[in-house]
Amino acid sequence: MRRGLLWLGAVLVLAALEPNLRGLIGAYNYQILVLVGVNIILAVSLNLINGFTGQFSIGHAGFYAVGAYTSAALVFYAGPSVRVLTASLPTVAQDAVLLLMGLLGAALVAGLAGLAVGIPSLRLRGDYLAIVTLGFGEIIRVLILNIDAIGGARGFAGIPQLSNFFWVYLFVLITIATVHNLVSSSYGRAFVSIRDDEIAAEAMGVDTTRFKVMSFVISSMFAGIAGGLFGHFTMYLHPNSFTFVASFYVIIMIVIGGLGSIEGAVLGAVVFTVGLEVFRGFGAFRLINFSVLLVLIMIYRPQGLLGSWTLIKRRKQAGAM
Amino acid sequence: MGILEIRDCTIRFGGLTAVKNLTMSLERGALYGLIGPNGAGKTTVFNLLTGVYHPNEGSIELDGKSIGRLRPSRIAQLGMSRTFQNIRLFKSMTVLENVKLARHLTRTQGVFDAIARTRRLREEEVKIEQDAMELLGIFKLDGRADELALNLPYGSQRRLEIARALATNPRVLLLDEPAAGMNTQESLELMRLIRSIRDRFGLTVLLVEHNMKVVMGVCERIQVIDYGETIALGSPKEIQDDPKVIEAYLGGA
Numbered sequence: 283m284r285r286g287l288l289w290l291g292a293v294l295v296l297a298a299l300e301p302n303l304r305g306l307i308g309a310y311n312y313q314i315l316v317l318v319g320v321n322i323i324l325a326v327s328l329n330l331i332n333g334f335t336g337q338f339s340i341g342h343a344g345f346y347a348v349g350a351y352t353s354a355a356l357v358f359y360a361g362p363s364v365r366v367l368t369a370s371l372p373t374v375a376q377d378a379v380l381l382l383m384g385l386l387g388a389a390l391v392a393g394l395a396g397l398a399v400g401i402p403s404l405r406l407r408g409d410y411l412a413i414v415t416l417g418f419g420e421i422i423r424v425l426i427l428n429i430d431a432i433g434g435a436r437g438f439a440g441i442p443q444l445s446n447f448f449w450v451y452l453f454v455l456i457t458i459a460t461v462h463n464l465v466s467s468s469y470g471r472a473f474v475s476i477r478d479d480e481i482a483a484e485a486m487g488v489d490t491t492r493f494k495v496m497s498f499v500i501s502s503m504f505a506g507i508a509g510g511l512f513g514h515f516t517m518y519l520h521p522n523s524f525t526f527v528a529s530f531y532v533i534i535m536i537v538i539g540g541l542g543s544i545e546g547a548v549l550g551a552v553v554f555t556v557g558l559e560v561f562r563g564f565g566a567f568r569l570i571n572f573s574v575l576l577v578l579i580m581i582y583r584p585q586g587l588l589g590s591w592t593l594i595k596r597r598k599q600a601g602a603m
Numbered sequence: 156m157g158i159l160e161i162r163d164c165t166i167r168f169g170g171l172t173a174v175k176n177l178t179m180s181l182e183r184g185a186l187y188g189l190i191g192p193n194g195a196g197k198t199t200v201f202n203l204l205t206g207v208y209h210p211n212e213g214s215i216e217l218d219g220k221s222i223g224r225l226r227p228s229r230i231a232q233l234g235m236s237r238t239f240q241n242i243r244l245f246k247s248m249t250v251l252e253n254v255k256l257a258r259h260l261t262r263t264q265g266v267f268d269a270i271a272r273t274r275r276l277r278e279e280e281v282k283i284e285q286d287a288m289e290l291l292g293i294f295k296l297d298g299r300a301d302e303l304a305l306n307l308p309y310g311s312q313r314r315l316e317i318a319r320a321l322a323t324n325p326r327v328l329l330l331d332e333p334a335a336g337m338n339t340q341e342s343l344e345l346m347r348l349i350r351s352i353r354d355r356f357g358l359t360v361l362l363v364e365h366n367m368k369v370v371m372g373v374c375e376r377i378q379v380i381d382y383g384e385t386i387a388l389g390s391p392k393e394i395q396d397d398p399k400v401i402e403a404y405l406g407g408a
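Chains C and W, in that order, are what the protein sequence lines are. Going by my numbering, the first sequence opens with residue 283, and the numbers climb by one from there. Going by my numbering, the second sequence opens with residue 156, and the numbers climb by one from there.
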């Protein structure tokens, strides 16, 4: 009941902000804010598999691309007939139906891709996931380059604009709530036990393959949703936005913020996205800033900016009960 | 027909036969000791029983069910739990969380209940916490429940491993050198503790141990292996007097 009210309040606040925000902070800042939101979803979801479950995925951009293109194609091709079906509804509601349809498709297809990649590579102990996900990201990009129906190398133009600050931040909240609830349940303890000691986890009855795949699929689904939200905001997608460099951006975010910390992933996404804009004047050199930042973090705070905060807070919580 | 039956088990690693034609039978409720000199294959036997390795030949049955080909998590689910010779606690978790993790086998709530954090799930979490605290109480660890498991002293870490193994609700408990690194006083307490948890939880316990005092003091039946083969089997008294055992431990005259 109380949680229901909390969600209702959050939706109302976001809805009230949406129409005024662009005028309030300017179109440029508005766009950055939305990008920050998309990156928060990416970072928090990648953190589930890399931070909490301890499996190293470096292909998050692949699932992001799968989601972006699935949602865009679904709305682009099936959108007009859905609009006819929902013609009696006001435009806002039609847009919402279309967007949610696209995002559902994005989550499902990205999740299935996660399942296909995860089952063979997560059965084994070791860094196979890193190798396979790296390959997967590139395969997806090359596939997209060669499918003409979704623009191929020209890029996919004419995607209806459906997502905005409201939707992106609604899904930011949903992502954070999902990952938070998951990691504070027995599922989360199973994920962390795999990260800490896979042999002991298995001996305590944790089917490690199953839980690793589960964590990976959920992570992939949210990357897909982030992709859908991104495509329907920018109205244009190009395979070059989804190279393996994009995967590394997300890894940088969670390493800066602290692996295994939700607050850290959020902070990392904000610092990284805003940082890229602040240093735009440096051109290609701006990435050097992050190399320096990463080196400094590795030296002075290897657990990331908020890496240990989560731990301390969790212990306090446990103590209070 | 015992609760744990091992028949003619053999496992080879390349040219090395680590365990050869091992046969072992544990009666329900037994306190059974497995001993042998260094490198005799004791830990390999544990790894065979818990599914870390699969035997090349022979069969292993837990309560009539063949488990020789199952993966470790499945065997734990069927009711056999273990501790490790080199302690393997979850180091980023607190003492309490280590035990709570092991309670996950009894969970009834699905992943969607976890994501939505339903009332039933929250109630179950409270129950898990109560059970875990109760177990920690038995091992006198409840006062340190919120400390990181890593920060416990060595002896307490060993006891926490036993508590964690018990949290999976096992019928058979395998203890791999539980007294390693303990002083005499601690070993004595451990012996009492092992006996009392066996009675309290109706367990069958298989113990691998180097400390002879512990094995002789606590076990009712002892099997001695050397180079992967059984060389003696009997009560502690019989084992102590067996010339083959003396030879294996002290070398031939």
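From the three backbone atoms N, C-alpha and C, an ideal C-beta is built for every residue, glycine too. Bear in mind that the values here come from a model prediction, so they are computed numbers and not experimental data.
Per DSSP, cross-strand counterpart(s) of residue i
i, result
"W/Phe168", "W/Leu171"
"W/Arg162", "W/Ser214"
"W/Val363", "W/Leu189, W/Asp331"
"W/Glu280", "Looking at the DSSP assignment, W/Glu280 forms no beta bridge with any residue, so it has no partner."
"W/Ser221", "W/Glu216"
"W/Met179", "W/Ile161"
Residue i, DSSP secondary structure in three states
i, result
"C/Thr516", "helix"
"C/Val488", "coil"
"W/Arg226", "coil"
"W/Lys295", "coil"
"C/Val495", "helix"
"W/Gly234", "coil"
"W/Tyr187", "strand"
"C/Ser502", "helix"
"W/Ser390", "coil"
"W/Asn324", "coil"
"W/Asn241", "coil"
"C/Leu324", "helix"
"W/Met156", "coil"
"C/Ser543", "coil"
"C/Thr667", "Chain C is shown from 283 up to 603; residue 667 of chain C falls before or after that span and cannot be answered."
"C/Ser370", "coil"
"C/Leu588", "coil"
"C/Ser573", "helix"
"C/Ser339", "coil"
"W/Glu384", "strand"
"W/Gln395", "helix"
"W/Val370", "helix"
"C/Phe567", "helix"
"C/Phe561", "coil"
"W/Tyr208", "coil"
"C/Arg583", "coil"
"C/Ile314", "helix"
"W/Asp286", "helix"
Contacting residues, own chain, Cβ-Cβ under 7 Å from residue i (five flanking each side not counted)
i, result
"C/Gly487", "none"
"W/Ser214", "Arg162, Ser221, Gly223"
"W/Arg275", "Gln264, Asp268"
"C/Ile426", "Ala347, Tyr351, Ile432, Pro521"
Sequence-distant residues of the same chain with beta carbon closer than 8 Å to residue i, five excluded per side
i, result
"C/Ile579", "Val537, Ile538, Gly586, Leu587"
"C/Ser497", "Leu330, Ile331, Phe334, Thr335, Gln337, Phe473"
Continuous alpha helix (DSSP H) stretch holding residue i: start and end
i, result
"C/Ser353", "342–367"
"W/Tyr309", "309–321"
"W/Leu303", "From DSSP, W/Leu303 is part of no alpha helix (DSSP H); its letter is neither H nor E."
"W/Thr198", "197–204"
"C/Val293", "284–307"
"C/Gln376", "373–404"
"W/Ala403", "398–405"
Neighbouring residues, chain B, relative to residue i (Cβ below 9 Å)
i, result
"C/Arg284", "No chain B appears in the structure shown, which is made up of the protein chains C and W."
Start-to-end residues for the beta strand (DSSP E) that takes in residue i
i, result
"W/Val379", "376–381"
6 Å CB neighbourhood of residue i in its chain, flanking five on each side removed
i, result
"C/Arg304", "Tyr312"
"C/Met383", "none"
Identify every run of the alpha helix (DSSP H) within the stretch 329–359 of chain W, keeping only runs that are complete inside it and at least 4 residues long; order them along the chain. If we require 4 residues or more, the alpha helix (DSSP H) runs fully inside the stretch 329–359 of chain W come out as 339–356.
Kindly provide the ranges of any alpha helix (DSSP H) runs that are 4 or more residues long and lie completely inside the stretch 413–467 of chain C, ordered along the chain. Look at the stretch 413–467 of chain C and you find these whole runs of alpha helix (DSSP H), each 4 residues long or longer: 447–465.
Continuous alpha helix (DSSP H) assignments of at least 4 residues falling wholly in the stretch 244–275 of chain W: Within the stretch 244–275 of chain W, the runs of alpha helix (DSSP H) at least 4 residues long that lie entirely inside it are, in chain order, 250–257, 266–271.
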